[in-house]
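*Asks:* Sharing a structure, written as structure tokens. Questions coming.
Chains as they are written, first to last, in our numbering: chain F, 25 to 1077; chain P, 1408 to 1692.
Now the structure itself:
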């Protein structure tokens, strides 16, 4: 087992050079010095790890395989505040040179403080917009179109510049929540690498010239022969209407939709299925990753409904997950069965047979005893909850799984109760995308294509490899590309037209529940971008009709009553009333077509293709926030990887970060390997969307291109082979970051390691506390019982206590049972707080700047772990260790209990971070914030300082929002209402796991949660008195499946 | 060997030690003074502006109310610089050929902004908010000085942090009735010019500006009267209810010093405590 941090020794002076480092670093030099780890730990093999785990009683949590094995590298990492080299001087300046500079700057430092501010100009409006109050944001309702269903959004605009994307709080579908893609779309809008002009053959041209020549060509052909459109999945009803009009005028013109993450899935079907999880006691996921992100349709509602049932132990649901790739859905499940992807259809068929679904018969397959037991218990549990359960099929599975799941739901009587089938699709033009693109390539090769117009799609990069799209592409007479970036396709297309962002254009789209939202522009196109609406309209009778008029035209069919009133109301509310799907109760005719495919041989290596949880199919490659975001489960940022199980890693004889060559049907790609605990054996998951050549300054060159081995016949999983090749990749994994080291004499365990993440495995600190439902019933106070879990009410401190009995006392509560680790909060925090992106090399040395991280604690066996997701951010301790060590008073306590940073006082000693037991402080080692790029200036939140080099920063509980509400309430002479202040993370959270409010207000939700018996504080025993508290999880396992019950309450010390 | 230094050198050495000390102190004092000097703070300096706009003429001479131009001072952090349109409201009728106004007409014709130089320029890491100050009894003149007497605009105060804190530590020394916010000539109450204030009954949740009524003439003698140079209500500014609507039974209290009035208003306006007001996150985030 390799350790990632161990391979990080980059920088010219990896060995030593401590003058920038803290004293801790110096101690580390000498293993005999004060920190003295117990005995030099020995690296363990995987077999030994397993052995070790067998003997472990009680609950043990671990964050990475290294941690579990307690390797030397891990120990070394624990002993550092930041990972290796994080504190080193990496600039090419010698120590002597540095001292010279230092001396000079010291001399000038005093003077620099007196520098005069430069004159600042004011440019007032010539005519001010009527409704604009400078300094106050405006909010506009619109929608974020996405292939899995649009997300209704509410955009915050400062002086008509969109500066924050959030869910629409009034919309019945998402009730204000959002996801990483929607949040990241803001940076996508302001991406400086967006294409900025229309070109033909590299020369600048006007869009009208393109429109005219396209129109001319179409008219010449009379019936549209030879005119082909290749588009991303059409999400807009207006675009669909425009297309049908184009077809009327030019019946032979063809539209092909192809979205690599959508093609071949149930999303392209002509019906849509919704799940009402609020009514489901038992939920079964058949490779359906519906809790980790908007890649699954209906994510926001599914998570909210799922989480609502988990707020109170009295209403717990039970989630079973059968999955091939490790996802947060599986990790949240009470019972998870890791199966290879090709086994899942057979398992589903067996399950269908076991619950008595009509027409289903179990194929013969040799299931292991464990799998059989799982199947039997699952079937029994489902039957016991007939009508109150839901079986959710995965998108990236054989179509038989979808059909069988429908049959199971039908047999259980769930259809019409928890499973609602609508006869309408979310996306208006359902089609067989894979067949269509195959036909397109055939036509291209046959020379039938005169015009190939590509709309918001990038087939050169992401078309299935077996189609050899690039060579077919050259056979089209004229190619045109409408896209936001000059991407792989845009580079070689004859015409390139910059596409308008969804925040720049008029359109419409349907959410998962069917409601139609109007997409309205928040800003004029920055680079005079156009939309697909413009292109289709160019072929119609009124070629210059604007998308605005086209969208209004479509809305006339759905808005009832007076149109102008209804239109204004739809724009204001963000959706058109009465357009939600009539979720029919009709039983769908469930026909299980064809044979359920038999699983591949157990020794064959299966390659699983999934869209990336951060950059999706590659369309968000150039969004730095999303690139840097650690992926759920693996905590990998800036790359994709070949994700395997520990057993497969051993079998292949490789270590993490080694490079594998993956071969599928003779096509090869090189990929770094990484372990995901619980991944199916003999399977490799590769995420799509990486290996971009022309993504832009952020995304180009990150990861490897998995499309190169993906073909039309096996778009979701294929059998292939892997072999190790020379070299290391250099992955950036954030898992082992932020481990604390503290001296032995302060540690209660006496092993010198009392840290947050690292030490949970080595010495229990009760960072994760949970119980099963039965345990909870016996010990309702389990979270605060037992050794090490006692509630600490330490009034004693050598520092004067603050008095918080009056006014506001801010606090945050995080529900561990609800959090699914989807990362929406982190991206929301990026946007709200102007957080910098640092780049892969900086992440590798532990300098990533996210104020909020989601710690993933695994528990149990390496092959079948359970995981706990713990959002970890500044705890706003009442007795904060950071404040006590700051020599310049740059981090101070406010009367309302915030632990506040004053950036312009900070001189960058980093003592605070050193002393923070939660490791939530982030230091600007270099000038990470971009002060130069013009487009990014428009994006920044004007209420938050942009931090420069040498400044410490951290979560502020969104103090700018607190201040804004305080001013408003002070003006009105009233107290702040509960819920009036929302932190950015809280606002984004689809699971409503985060609650912020005033602890002094007894009726506030946060005060009630704090009084809950399950609430605990992390590391409360060191008397930090954190303001952030966690609600311990209670899970609801099936007693039949529960393995030898773990020793629990009272918890072990 | 002969001595290199004779006895006199001792005195020299002592003197140079003292001198060094003095130089260090002098340097410190100089830098400290420099830092506070108008050279750095631009206090009192009149910046070159494209149009020599006179507040004196417009405010004192013509009686324009502050909010005619600075429209958002009560509802936003930013008081607002008037758009060219505001100038042209009058100057399309009067002084239409004045040479001085050429940049204004130019702006109006071309649609390009007039390029002013900011006079009150806080550092970007200080988040000042006009609305809360104006709504809680801080008059314009308290910070900006007698703008009605400034032919050319300049900063009356340093706008340095110590100046902000001076008031945040003790707002009562500057606070005034909200009806007097825009009164440039307001003077602190004294025994010659007392102020009578009354609290309107009971509604605690009433916005600040309406909960307290203050007058400058003894209400027993002449009946309640709103103490204003102009009638506030006509201009739609933060004000007490119009005089006519005042219930007669208000219990007026007489104040003849700023200290007394300040403490009364701080309590009535629910001004946060100095402890709260001097907390860093109030202005820095």
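In this text, a Cβ means the ideal position worked out from N, Cα and C, and glycines have one as well.
Between the segment 143 to 166 of chain F and chain P, which residues of the former have a C-beta closer than 8 angstroms to a C-beta of the latter?
*Replies:* Residues passing the 8 angstroms Cβ filter: 143, 144, 145, 146, 147, 148, 149, 150, 151, 152, 157, 158, 159 and 160.
*Asks:* Would you identify the three-state DSSP class for residue 992 of chain F, choosing helix, strand or coil?
*Replies:* What you label residue 992 of chain F is simply residue 968 of the first chain in a count that begins at 1. The answer is helix: DSSP assigns residue 992 of chain F an H, G or I state.
*Asks:* Can you have a look at residue 276 of chain F and say buried or exposed, based on whether 16 or more other CB atoms are within 10 angstroms of its CB?
*Replies:* Taking the first chain and counting its residues from 1, the one referred to as residue 276 of chain F is at position 252. Looking at its Cβ environment, which holds fewer than 16 other Cβ atoms inside 10 Å, residue 276 of chain F is exposed.
*Asks:* Suppose you measure from the CA of residue 762 of chain F to the CA of residue 949 of chain F; what does that come to, to the nearest Å?
*Replies:* The count along the first chain starts at 1 and reaches residue 762 of chain F at position 738. The count along the first chain starts at 1 and reaches residue 949 of chain F at position 925. At residue 762 of chain F, the pLDDT of 42 sits below 50, so the modelled position is not reliable and the matter cannot be decided from this model.
*Asks:* Residues in the segment 648 to 676 of chain F with C-beta within 8 angstroms of chain P's C-beta atoms, listed in sequence order?
*Replies:* For the segment 648 to 676 of chain F, which is checked against every Cβ of chain P, not one residue is closer than 8 angstroms.
*Asks:* Counting only the same chain and skipping the five closest in sequence on each side, list residues whose C-beta sits under 7 angstroms from that of residue 392 of chain F.
*Replies:* In the first chain, residue 392 of chain F corresponds to position 368, counting from 1. Excluding positions up to five away in sequence, the list is empty.
*Asks:* 8 angstroms is my cut-off, CB to CB: does residue 1687 of chain P come that close to chain F?
*Replies:* On the second chain, position 280 is the one that residue 1687 of chain P refers to. At least one chain F Cβ lies under 8 angstroms of residue 1687 of chain P.
*Asks:* Rounded C-beta distance between residue 650 of chain F and residue 204 of chain F? I'm assuming under 8 angstroms.
*Replies:* Position 626 of the first chain, counting from 1, holds the residue named residue 650 of chain F. Position 180 of the first chain, counting from 1, holds the residue named residue 204 of chain F. That pair is a contact at about 6 angstroms.
*Asks:* Name, going along the chain, the residues of the segment 991 to 1015 of chain F whose beta-carbon falls closer than 7 angstroms to a beta-carbon of chain P.
*Replies:* Listed by position along the chain: 991, 994, 995, 996, 997 and 998.
*Asks:* Looking at the secondary structure, which residues open and close the alpha helix (DSSP H) in which residue 1439 of chain P lies?
*Replies:* Here the question's residue 1439 of chain P lines up with position 32 in the second chain. First-last of the alpha helix (DSSP H) with residue 1439 of chain P: 1415 to 1443.
*Asks:* Measure from the C-beta of residue 983 of chain F to each C-beta in chain P and report whether the shortest distance is under 8 angstroms.
*Replies:* Taking the first chain and counting its residues from 1, the one referred to as residue 983 of chain F is at position 959. Interface residue, yes.
*Asks:* Given that a residue counts as buried once 16 or more other Cβ atoms are within 10 Å of its Cβ, and exposed if not, what is residue 1382 of chain P?
*Replies:* What the structure shows of chain P is the stretch from 1408 to 1692, and residue 1382 of chain P is not part of that stretch, so it cannot be assessed.
*Asks:* I'd like the ranges of any beta strand (DSSP E) spanning at least 3 consecutive residues and lying wholly in the segment 687 to 753 of chain F.
*Replies:* DSSP runs (the beta strand (DSSP E)) wholly in the segment 687 to 753 of chain F: 691 to 699, 707 to 712 and 741 to 752.
*Asks:* Have a look at F:878, F:712 and F:295 and flag the residue whose alpha-carbon is nearest the alpha-carbon of residue 851 of chain F.
*Replies:* Working through the first chain from its first residue, we reach residue 851 of chain F at position 827. Nearest option by C-alpha distance: F:878.
*Asks:* Can you give, in chain order, each stretch of the beta strand (DSSP E) that sits fully within the segment 589 to 666 of chain F and has at least 3 residues?
*Replies:* Within the segment 589 to 666 of chain F, the complete beta strand (DSSP E) runs of at least 3 residues are 629 to 635.
*Asks:* With 8 angstroms as the limit, tell me which residues of the segment 735 to 750 of chain F have their beta carbon closer than that to any beta carbon of chain P; keep them in chain order.
*Replies:* Listed by position along the chain: nothing, the set is empty.
*Asks:* Considering residue 854 of chain F, what are the terminal residues of the alpha helix (DSSP H) in which it resides?
*Replies:* Translated into positions along the first chain, residue 854 of chain F becomes position 830. Element bounds for residue 854 of chain F: 848 to 856.
*Asks:* Do residue 445 of chain F and residue 311 of chain F have their CB atoms nearer than 8 angstroms?
*Replies:* For the purposes of this step, residue 445 of chain F is taken as the residue at position 421 of the first chain. For the purposes of this step, residue 311 of chain F is taken as the residue at position 287 of the first chain. Contact flag unset, no.
*Asks:* When you compare only the Cα positions, how much space is there between residue 706 of chain F and residue 733 of chain F?
*Replies:* For the purposes of this step, residue 706 of chain F is identified with residue 682 of the first chain, where counting begins at 1. For the purposes of this step, residue 733 of chain F is identified with residue 709 of the first chain, where counting begins at 1. Each residue's Cα considered, the two are about 17 angstroms apart.
*Asks:* Examine the Cβ distances between the segment 235 to 246 of chain F and the segment 530 to 538 of chain F and report whether three or more of them are shorter than 8 angstroms.
*Replies:* Counting Cβ pairs under 8 angstroms, fewer than three are found: no touch.
*Asks:* Write down every uninterrupted run of the alpha helix (DSSP H) in the segment 263 to 297 of chain F whose length is 4 residues or greater and which is fully enclosed by it, in chain order.
*Replies:* Whole alpha helix (DSSP H) segments, 4+ residues: zero.
*Asks:* If you scan the segment 833 to 908 of chain F from start to end, which runs of the alpha helix (DSSP H) of 4 or more residues do you find wholly inside it?
*Replies:* Runs of the alpha helix (DSSP H) inside the segment 833 to 908 of chain F: 848 to 856 and 864 to 868.
*Asks:* Could you give the C-beta distance for residue 152 of chain F and residue 1490 of chain P, rounded to a whole number, given that I count them as a contact under 8 angstroms?
*Replies:* Counting from 1 along the first chain, the entry for residue 152 of chain F is found at position 128. Counting from 1 along the second chain, the entry for residue 1490 of chain P is found at position 83. The pair is a contact, with the Cβ atoms about 4 angstroms apart (cut-off 8 angstroms).
*Asks:* Using beta-carbon positions only, say whether residue 1488 of chain P and residue 148 of chain F come within less than 8 angstroms of one another.
*Replies:* Translated into positions along the second chain, residue 1488 of chain P becomes position 81. Translated into positions along the first chain, residue 148 of chain F becomes position 124. Taking 8 angstroms as the Cβ cut-off, residue 1488 of chain P and residue 148 of chain F qualify as a contacting pair.
*Asks:* Verify whether the separation of the beta carbon atoms of residue 165 of chain F and residue 598 of chain F is less than 8 angstroms.
*Replies:* Looking up residue 165 of chain F in the first chain gives position 141. Looking up residue 598 of chain F in the first chain gives position 574. Their beta carbons are under 8 angstroms apart, which means residue 165 of chain F touches residue 598 of chain F by this criterion.
*Asks:* Should residue 1413 of chain P go down as buried or exposed, given a rule of 16 or more other Cβ atoms within 10 Å for buried?
*Replies:* Counted from its first residue, the second chain places residue 1413 of chain P at position 6. Exposed is the call here.
*Asks:* Between residue 363 of chain F and residue 541 of chain F, what straight-line distance do the alpha-carbon atoms span, to the nearest angstrom?
*Replies:* Residue numbering aside, residue 363 of chain F sits at position 339 when the first chain is read from its first letter. Residue numbering aside, residue 541 of chain F sits at position 517 when the first chain is read from its first letter. Each residue's Cα considered, the two are about 39 angstroms apart.
*Asks:* Residues of chain B with CB under 9 angstroms from residue 916 of chain F, in chain order?
*Replies:* No chain B appears in this structure, whose protein chains are F and P.
*Asks:* Which residues in the same chain have their Cβ closer than 7 angstroms to the Cβ of residue 472 of chain F, if we skip the five residues on either side of it in sequence?
*Replies:* For the purposes of this step, residue 472 of chain F is taken as residue 448 along the first chain, with counting starting at 1. Result list for residue 472 of chain F: 250, in chain order.
*Asks:* Is there a Cβ from chain P that is less than 8 angstroms from the Cβ of residue 24 of chain F?
*Replies:* Examination of residue 24 of chain F is not possible in this model, given that chain F is present from 25 through 1077 alone.
*Asks:* With burial defined as no fewer than 16 other Cβ atoms inside 10 Å of the residue's Cβ, what is the status of residue 1418 of chain P: buried or exposed?
*Replies:* Working through the second chain from its first residue, we reach residue 1418 of chain P at position 11. So residue 1418 of chain P ends up on the exposed side.
*Asks:* Could you name the residues of the segment 871 to 887 of chain F whose beta carbon sits closer than 9 angstroms to any beta carbon of chain P, in the order they occur along the chain?
*Replies:* So nothing in the stretch comes that close.
*Asks:* How would you write the range of the beta strand (DSSP E) that residue 1532 of chain P sits in, first residue to last?
*Replies:* Here residue 1532 of chain P refers to the residue found at position 125 of the second chain. Where residue 1532 of chain P is concerned, there is no enclosing beta strand (DSSP E), given that its DSSP letter is neither H nor E.
*Asks:* Can you have a look at residue 1500 of chain P and say buried or exposed, based on whether 16 or more other CB atoms are within 10 angstroms of its CB?
*Replies:* On the second chain, position 93 is the one that residue 1500 of chain P refers to. Result: exposed.
*Asks:* Determine the closest residue to residue 231 of chain F out of F:436, F:806, F:605 and F:557, with distance taken between C-alpha atoms.
*Replies:* By 1-based counting over the first chain, the position of residue 231 of chain F is 207. When only C-alpha atoms are compared, the closest one is F:557.
*Asks:* Where do the ends of the alpha helix (DSSP H) carrying residue 571 of chain F lie?
*Replies:* Within the first chain, the letter at position 547 stands for residue 571 of chain F. Element bounds for residue 571 of chain F: 571 to 582.
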